[in-house]
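K.L.:
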Amino acid sequence: MVPGRTAAVFASLKSNPRLLLAKPSINVFLLGYIRKFRPRRVGGHLILHSHLPPLNSSAYSRFVDMHILRRTPGPSHAQIGVSSVCPHKCGFCYNHGRSGEPLDSDAILRAVSALQELGVVWLGLTGGEPLLNPDLVSIVARAAQKCAVKLFTTGCGLTMEMARDLKRAGLFSVSVSIDHWEAETHDRGRGCPGAFDEAVRAVSTFRSAGLDTGVSAVLTGDMMRSGSVEKLLAFLATLNIHEAWLSEAKPSGRDSWKESPVFGEQDRRQMAALQDEYNRKGLLNVNYLGHFEGPDHFGCNAGTKMVYVDSFGEVSPCVFTPVSFGNVRVRPLREIWEGMSSVFRPASGCFCHQNHGLYPRFDDGRLPIPPDRARELVREAVFAPMSRFQSLLNDRLEE
Ligand code: SF4
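Start counting the sequence shown at 873; every next residue gets the next number (the numbering used here).
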């Protein structure tokens, strides 16, 4: 049975009674946050949304223990590229310009272990296209020992057997990319004929395999202002998915560095309100990253609670920031993390949106911008004040 919101709050506390050791203002914040969503039960998991571990999982208990009670300085969230190959050619791809020798699966597994030791409780597997890594199932199995593992995929080449194997290995959630309700527009944006049909098939396959299944879409300000976001959500509601995972286009690739952000603060606020409305009315579970990362909630945690290891081993503060603080092939991940987190700060505003104007000055033709230049860039960067949750956690607000 799917619990109501109040029942989910109690289920969360029952699974993690130690939460009551956190100061009251943190619990009030978390309870208020939980009530903005419609919790769902999929495969025994009690899921608020797919950017947090299930509320009844050991990964969530680790989150509470390490990141709320003990305030470990390590990351809670990470993404790792498990394949450098992708059949899509998206204009807004955050891996634009990244290249090198791809990590092999042993190196990926070592990086996963290092991330877990640092404190990661939520791990996103990305690429390139992760399904093209023949060792994906064993990577999921290792990662799922300590983390909630989510897969980001185009759905390319998925079979029912693969979907079932991933579920058995412990995958908790999957997002398939679909950016538009019209096949032709989606295929054009992704530079891949047939991408839409393959993605829709993959949604149905993952769902039939019993996995928590969502669709991820990249939004632009134009879509917000033209009402296309509502049309997209209406289409997604017909796919019988568990969640629409939405993020906005970020200035990751060189072409976008000099422009103003394609998604402004007004768009972010409007989209966050739309998410709350959809979830309140039960139209579709909407999980908009700009809501989670907004000033009223968890803020931008690039380089402080979030880390990205790309498929070539470069370590960045998050998938969208085109800067590197080292390569796991050359230096231990812990050392790279310590260097990076010592210069980043928790902030209420997106680091990319606030600082992409600095990128051209530090670009010497190599992407991501290499560590010596990245450190200089961050020294000049602007960090907005902390978000509500960051302030509570860091004792910057009155109880
Ligand atoms: S820099 Fe932007 S995209 Fe990256 S973690 Fe921060 S808010 Fe998210």
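Built from N, CA and C at the ideal position, the CB exists for glycine as well.
Please work out which residues of its chain come closer than 7 Å, Cβ to Cβ, to ARG890, disregarding the five sequence neighbours upstream and downstream, and give them in chain order.
P.N.:
Counting only residues of its own chain and dropping the five nearest sequence neighbours on each side, ARG890 has a CB closer than 7 Å to the CB of VAL936, ASP937 and LEU941.
K.L.:
What's the call for THR833, buried or exposed, on a 16-neighbour Cβ count within 10 Å?
P.N.:
The chain is shown from 873 up to 1271; residue 833 falls before or after that span and cannot be answered.
K.L.:
Tell me whether LEU1161, by its Cβ, gets closer than 8 Å to a heavy atom of the ligand SF4.
P.N.:
yes
K.L.:
Go to GLN951, then tell me how far its beta strand (DSSP E) extends in each direction, as first and last residue.
P.N.:
949 to 953
K.L.:
Is the segment 921 to 931 touching the segment 992 to 1009 in the sense that three or more CB pairs, one from each, lie closer than 8 Å?
P.N.:
yes
K.L.:
Helix, strand or coil for SER1045, going by three-state DSSP, please let me know.
P.N.:
Secondary structure of SER1045 (DSSP, three-state): strand.
K.L.:
Please classify ASP1084: does DSSP put it in a helix, a strand, or coil?
P.N.:
strand
K.L.:
Which word fits PRO1189, buried or exposed, when buried means at least 16 other C-beta atoms lie within 10 angstroms of its C-beta?
P.N.:
buried
K.L.:
Hey, how far is the Cα of PRO947 from the Cα of TYR932?
P.N.:
14 Å
K.L.:
Have a look at VAL881 and LEU918 and give me their C-alpha separation to the nearest angstrom.
P.N.:
11 Å
K.L.:
Whole angstroms are fine: how far does the CA of ALA1246 sit from the CA of THR1283?
P.N.:
The shown model of the chain, from 873 to 1271, leaves out residue 1283, and the question about it has no answer.
K.L.:
In this structure, how does DSSP classify THR1092 when only helix, strand and coil are distinguished?
P.N.:
coil
K.L.:
Cβ of MET1032 within 8 Å of any heavy atom in the ligand SF4?
P.N.:
no
K.L.:
With DSSP as the reference, label PHE1024 as helix, strand or coil.
P.N.:
strand
K.L.:
In chain order, what are the residues with a CB under 6 Å from some non-hydrogen atom of the ligand SF4?
P.N.:
Qualifying residues come out as LYS1122, GLU1165, CYS1172, ASN1173, ALA1174, MET1178, CYS1190, PHE1192, THR1193, CYS1222, PHE1223 and CYS1224.
K.L.:
Should SER977 and SER1010 be called a contact, given that it needs their Cβ atoms to be closer than 9 Å?
P.N.:
In this structure, SER1010 lies closer than 9 Å to SER977 by Cβ.
K.L.:
Check the C-beta distance from PHE1192 over to LYS1122 and give it rounded, since I have them as a contact under 8 Å.
P.N.:
4 Å
K.L.:
Can you tell me whether GLU1054 is helix, strand or coil according to DSSP?
P.N.:
In this structure, DSSP gives GLU1054 a state outside helix and strand, which the three-state scheme calls coil.
K.L.:
CA-CA distance, TRP1129 and GLY916?
P.N.:
Cα-Cα distance, rounded: 44 Å.
K.L.:
Between VAL1075, LYS895, LEU981 and HIS1225, which has its C-alpha nearest GLY1125's C-alpha?
P.N.:
Comparing alpha carbon positions, the residue from VAL1075, LYS895, LEU981 and HIS1225 closest to GLY1125 is HIS1225.
K.L.:
Going by the beta-carbon positions, is the gap between PHE1044 and LYS1022 smaller than 9 Å?
P.N.:
yes
K.L.:
DSSP state of HIS939, grouped into three classes?
P.N.:
helix
K.L.:
ASN888 to LEU1264, Cα distance in whole Å?
P.N.:
19 Å
K.L.:
Is ASN1199 helix, strand or coil when you go by DSSP?
P.N.:
strand
K.L.:
Relative to the C-alpha of ARG1014, which candidate in LEU1004, GLU1033, ARG982 and CYS1028 has its C-alpha closest?
P.N.:
Ranking the options by Cα distance to ARG1014, first place goes to ARG982.
K.L.:
CA-CA distance, LEU987 and GLU1054?
P.N.:
Roughly 39 Å between the two C-alpha positions.
K.L.:
At which residues does the beta strand (DSSP E) containing ILE919 begin and terminate?
P.N.:
917 to 919
K.L.:
Whose C-beta lies closer than 6 Å to the C-beta of VAL1179 among residues of the same chain, with five residues either side of it excluded?
P.N.:
PRO947 and ALA950
K.L.:
Closest to PHE1068 by CA distance: which of ASP1051, GLY1229, ASP1084 and GLU1207 is it?
P.N.:
ASP1051
K.L.:
How many Å lie between GLU989 and GLN1262 at the Cα?
P.N.:
22 Å
K.L.:
First and last residue of the alpha helix (DSSP H) that includes VAL1143?
P.N.:
Residue identity check: residue 1143 is Met in the sequence provided, not Val. Unbroken alpha helix (DSSP H) run through MET1143: 1137 to 1153.
K.L.:
Using a Cβ distance threshold of 8 Å, determine whether the segment 1205 to 1212 contacts the segment 1097 to 1113, with at least three qualifying pairs required.
P.N.:
The segment 1205 to 1212 is not in contact with the segment 1097 to 1113.
K.L.:
For the alpha helix (DSSP H) containing SER1010, list its first residue and its last residue.
P.N.:
1008 to 1015
K.L.:
In three-state DSSP terms, what is ALA1256?
P.N.:
coil
K.L.:
Within the same chain, show all residues whose beta-carbon is closer than 6 Å to that of VAL1134, passing over the 5 residues directly before and after it, in chain order.
P.N.:
The beta carbon of VAL1134 sits closer than 6 Å to those of THR1092, GLY1093 and ALA1121, all from its chain and outside the five residues before and after it, given in chain order.
K.L.:
Taking the alpha carbon of VAL1046 as the reference point, which residue from GLY1063, ILE1113 and GLY1029 has its own alpha carbon closest?
P.N.:
ILE1113
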